[in-house]
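**Q** Right, I'll just put the structure down here and ask away after.
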Ligand SMILES: NC(=O)c1ccc[n+]([C@@H]2O[C@H](COP(=O)([O-])OP(=O)(O)OC[C@H]3O[C@@H](n4cnc5c(N)ncnc54)[C@H](O)[C@@H]3O)[C@@H](O)[C@H]2O)c1
Ligand SMILES: [Zn+2]
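Residue numbers (my numbering): 1 to 361.
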């Protein structure tokens, strides 16, 4: 049976791969995307070719009604304003697109029968810091780093009771939320609001908390470009990539094709397995930022070496990587693209350049 799917943000990095996968298996795909100038230089041909493409804003009920004509079985809500954002003005922009936009999408779905399932693109950004344990005290601890500690180059968070460096743990879905940027706050509010509104409207909704996604078409000069694309852009410009702290920060990088697979599983699983549930989507295999910089350097410019200046960015998490046990058990998710293979290809993958993006390094 052909599935009718709406992909909001379907011209973007993750949404376009998702739309490609749906089209490839013969589904009837509608894309709704505003082609936000901070995300795009122009309409990417992979988004507008041979599909039903609606150029519009998820906050606009008339556009949503048009895109939903004929009904849909599933909505993949990928559209979002992405980036960091720290000031108050940023905060209202992020809330408007990410929270109000999501509310509009859910409201537009409420009259449809049967009610479509919504797979929401959430983010590990809502956790802020990762999870830690103190081995000496045999206790879970919050990972807090003081400014004085960072200034002295003492990178790992320490146990408040005994002072030992804490050991990082995989973050479960139940981990506390400590979003640190305007973007992260908006993703936290988006997920919370989406579950509340979907439940009151009777819409089955599942939230996928993506970790650091990478792959072809990743933006190279948007504020959200992410560490992988910032390092790559710098190497391509002939300069060594700068790695903050001691480079041993752990992160979870997941290939966009694996993220697509998680979305398809979330869309197809029996409703009782996913309704009202958040799932981490990661590779389950954390790597250090220095490992990442090394793979990219070896692949693009082997004569370079990553530069460790002992610099840091206030508010950065030290270690954050997800436990993927829940999605493995509930949905049978298995990431397929490993770190080495994935990043060797990523070094040569085409990337997207945004017209109102940041200056390239
Ligand atoms: N890339 C990552 O590592 C990552 C990690 C965690 C979560 N996410 C989430 O995944 C989703 C997709 O992110 P991405 O990396 O593909 O970003 P992206 O910027 O490449 O794609 C987002 C798309 O949404 C569109 N858009 C923005 N505002 C819109 C609006 N008001 N109406 C309609 N379309 C709008 C943009 O034009 C863009 O095409 C987002 O919800 C993001 O928060 C991404
Ligand atoms: Zn302790």
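All C-beta atoms in this analysis are idealised placements derived from N, C-alpha and C, irrespective of residue type, glycine included.
No experiment lies behind these values; they were computed from the predicted model shown.
By a C-beta neighbour count over all protein chains shown, 10 Å radius and 16 as the cutoff for buried, is residue 154 buried or exposed?
**A** Counting Cβ neighbours within 10 Å, residue 154 comes out exposed, since fewer than 16 surround it.
**Q** Just checking residue 365 against ligand 1 - is the residue's beta carbon closer than 7 Å to any of the ligand's heavy atoms?
**A** Any property of residue 365 remains undetermined from this structure, which presents the chain solely from 1 to 361.
**Q** Write down every uninterrupted run of the beta strand (DSSP E) in the segment 19–59 whose length is 3 residues or greater and which is fully enclosed by it, in chain order.
**A** If we require 3 residues or more, the beta strand (DSSP E) runs fully inside the segment 19–59 come out as 28–33, 52–55.
**Q** Between residue 185 and residue 91, is the Cβ-Cβ spacing less than 8 Å?
**A** Against a cut-off of 8 Å, the Cβ pair of residue 91 and residue 185 comes out as a contact.
**Q** In the DSSP assignment, find the unbroken alpha helix (DSSP H) run with residue 339 in it and report its ends.
**A** Run containing residue 339: 339–346, per the alpha helix (DSSP H) assignment.
**Q** Reducing DSSP to helix, strand and coil, say where residue 322 ends up.
**A** Residue state, collapsed to three classes: strand.
**Q** How is residue 3 classed by DSSP in three states: helix, strand or coil?
**A** Residue 3: coil per DSSP, three-state reduction.
**Q** Please find out if some non-hydrogen atom of ligand 1 comes closer than 7 Å to the beta-carbon of residue 57.
**A** Correct: residue 57 has its Cβ closer than 7 Å to ligand 1.
**Q** With a CB to CB cut of under 7 Å and the five nearest residues on each side skipped, what residues in its chain are close to residue 320?
**A** The residues are 124, 127, 129, 130, 171, 251.
**Q** Leaving out the 5 sequence neighbours to the left and right, which residues in its chain are closer than 6 Å to residue 279 when beta-carbon positions are compared?
**A** Answer for residue 279: 208, 326, 327, listed in chain order.
**Q** Give every residue of the same chain whose Cβ lies closer than 7 Å to the Cβ of residue 260, excluding the five residues on either side of it in the sequence, and list them in chain order.
**A** Closer than 7 Å at Cβ, skipping near neighbours: 17, 18, 21.
**Q** For residue 173, verify whether its CB is less than 7 Å away from any heavy atom of ligand 1.
**A** Outside the cutoff, so no.
**Q** Can you grab the Cα-Cα spacing for the pair residue 232 / residue 188, in whole Å?
**A** Cα to Cα, residue 232 sits roughly 29 Å from residue 188.
**Q** Assign residue 277 to buried or exposed, taking buried as 16 or more other Cβ atoms, counted over all protein chains shown, within 10 Å of its Cβ.
**A** Result: buried.
**Q** Assign residue 357 to buried or exposed, taking buried as 16 or more other Cβ atoms, counted over all protein chains shown, within 10 Å of its Cβ.
**A** Any reading at residue 357 must be qualified, since the residue scores a pLDDT of 45, below 50, and its modelled position is unreliable; no value is offered.
**Q** Shorter than 7 Å, the distance from the beta carbon of residue 346 to the closest heavy atom of ligand 1, or not?
**A** Not so, every heavy atom of ligand 1 lies at least 7 Å from the Cβ.
**Q** So, at 8 Å on beta carbons, what are the nonlocal neighbours of residue 44 in its own chain, with the 5 sequence-adjacent residues on each side left out?
**A** 11, 16, 217, 352, listed in sequence order.
**Q** Could you work out which residue in 110, 56, 256, 26 is closest to residue 97 when comparing CA atoms only?
**A** The candidate whose alpha carbon is nearest that of residue 97 is 56.
**Q** Which one of 38, 24, 53, 173 has the shortest CA to CA distance from residue 8?
**A** When only C-alpha atoms are compared, the closest one is 53.
**Q** In this structure, what does DSSP give as the bridge partners for residue 255?
**A** Residue 255 pairs with 214.
**Q** Whole angstroms are fine: how far does the CA of residue 6 sit from the CA of residue 32?
**A** About 7 Å.
**Q** Taking the beta strand (DSSP E) that residue 132 falls in, what are its first and last residues?
**A** It spans 131–134 - the beta strand (DSSP E) in which residue 132 sits, taken as one unbroken run.
**Q** Would residue 108 and residue 68 qualify as a contact pair, given that the criterion is a beta-carbon distance under 8 Å?
**A** Yes, the Cβ-Cβ distance between residue 108 and residue 68 is below 8 Å.
**Q** Cutting at 7 Å between CB atoms, please list the residues of its own chain near residue 26, excluding the five before and the five after it.
**A** Hits under 7 Å: 2.
**Q** Please look up how many angstroms separate the CB atoms of residue 203 and residue 64, rounded, as I've assumed it's under 8 Å.
**A** Not confirmed; about 14 Å, so no contact.
**Q** Enumerated in chain order, which unbroken segments of the beta strand (DSSP E) with a length of 3 residues or greater are wholly contained in the segment 153–220?
**A** Here the runs fully enclosed are 167–169, 205–210, 212–214.
**Q** Of the choices 340, 324, 316, 350, whose alpha-carbon is the least far from that of residue 146?
**A** The residue with the shortest Cα to Cα distance from residue 146 is 316.
**Q** On the DSSP letters alone, give me the boundaries of the alpha helix (DSSP H) that residue 229 sits inside.
**A** First-last of the alpha helix (DSSP H) with residue 229: 226–236.
**Q** Note down, in chain order, each residue of its chain lying with its Cβ closer than 8 Å to the Cβ of residue 135, except the 5 sequence neighbours on either side.
**A** Hits under 8 Å: 164, 167.
**Q** Sorry if obvious, but does the Cβ on residue 66 come closer than 7 Å to a heavy atom of ligand 1?
**A** No - ligand 1 has no heavy atom lying nearer than 7 Å to the Cβ of residue 66.
**Q** Buried or exposed, going by whether 16 or more other CB atoms sit within 10 Å of the CB of residue 313?
**A** When all chains shown are included, residue 313 counts as exposed.
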